[in-house]
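Numbering (the numbering used here), first residue to last: 20 to 292.
Below, the structure is given as structure tokens:
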């Protein structure tokens, strides 16, 4: 393609077609010399040429140059919604291993999850078959655990009630009421701040499963576990516990979509009734 193939390109170099009002309005500024003759302003001419080139590029590419970043963000948002809609709980996996690149990417998605307060959770990556076999004795769906390539264990730190800060005590009072709060303080067992610690870890897990689906990986969330037994298998410190496990791998097939409740049945506006 040469300059003659793009209508109007030659005009950006100063060759103007007569009778075009739009072109006339965009002529480069001219200075008037002492003898009354018009003199070209080199700076204005360069600015005008760059503006014309940008306009022609937008016309040819049909993409606003200032909108490229916005368009990319919109595409990425659309892709996220696609992954959310396509997510399924996969229970049959191929023995094909999950690549390190994909594994790090889904872990990064979990790391970027929103959270309130300091991060007190960790993700354990289990690939050793011996550890999988031991975990299989701690869950309901034990056959699934044994054959999946990767298991993610989401663990959180426990905080004894007496060591919690005043703001946490205020949260417990607000959430459960004074009577329940005083009962909790009387229990000799160690209690944890479940309001934020569990919540933050669950949000991280959701990020992980959506990112996995976007990469073509299947996942299955397992919450029916023996917390004490899993903690012993993973050798967690005394003040840590495992909230849930997530199986990750390449699916042998995608399950059919299950019917979800209509939006109108799960949403209310302003007040419940």
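Note that the Cβ used here is the ideal one computed from N, Cα and C, for glycine as well.
Keep in mind that this is a model prediction, so the values were computed, not measured.
{"Asked": "Taking only three categories from DSSP, how would you classify residue 271?", "Found": "coil"}
{"Asked": "Once DSSP output is grouped into helix, strand and coil, what is the label at residue 149?", "Found": "helix"}
{"Asked": "Just checking my contact of residue 174 with residue 259 at CB under 8 Å: how many whole Å lie between their CB atoms?", "Found": "5 Å"}
{"Asked": "Where does residue 266 land, buried or exposed, given buried means 16+ other C-beta within 10 angstroms?", "Found": "buried"}
{"Asked": "Taking C-alpha atoms, which residue in 135, 165 and 170 lies nearest to residue 227?", "Found": "170"}
{"Asked": "Out of 290, 100 and 152, which has the shortest C-alpha to C-alpha gap to residue 252?", "Found": "152"}
{"Asked": "In the DSSP assignment, the beta strand (DSSP E) including residue 172 goes from what residue to what residue?", "Found": "169-176"}
{"Asked": "Just grab the DSSP bridge partners of residue 309 for me.", "Found": "With the chain represented from 20 up to 292, any question about residue 309 goes unanswered, as that position is not in the structure."}
{"Asked": "Going by DSSP, what residue range makes up the beta strand (DSSP E) through residue 241?", "Found": "237-241"}
{"Asked": "Have a look at the DSSP bridge pairing and note the partners of residue 264.", "Found": "172 and 241"}
{"Asked": "Near residue 231, which residues of its chain fall below 7 Å by C-beta distance, leaving aside the five closest residues on each side in sequence?", "Found": "125, 238 and 267"}
{"Asked": "By DSSP, does residue 248 sit in helix, in strand, or in coil?", "Found": "helix"}
{"Asked": "For residue 140, list the residues DSSP reports as bridge partners.", "Found": "175"}
{"Asked": "Should residue 161 be labelled buried (16 or more other beta-carbon atoms within 10 Å of its own) or exposed?", "Found": "exposed"}
{"Asked": "For residue 233, which of helix, strand or coil comes out of DSSP?", "Found": "helix"}
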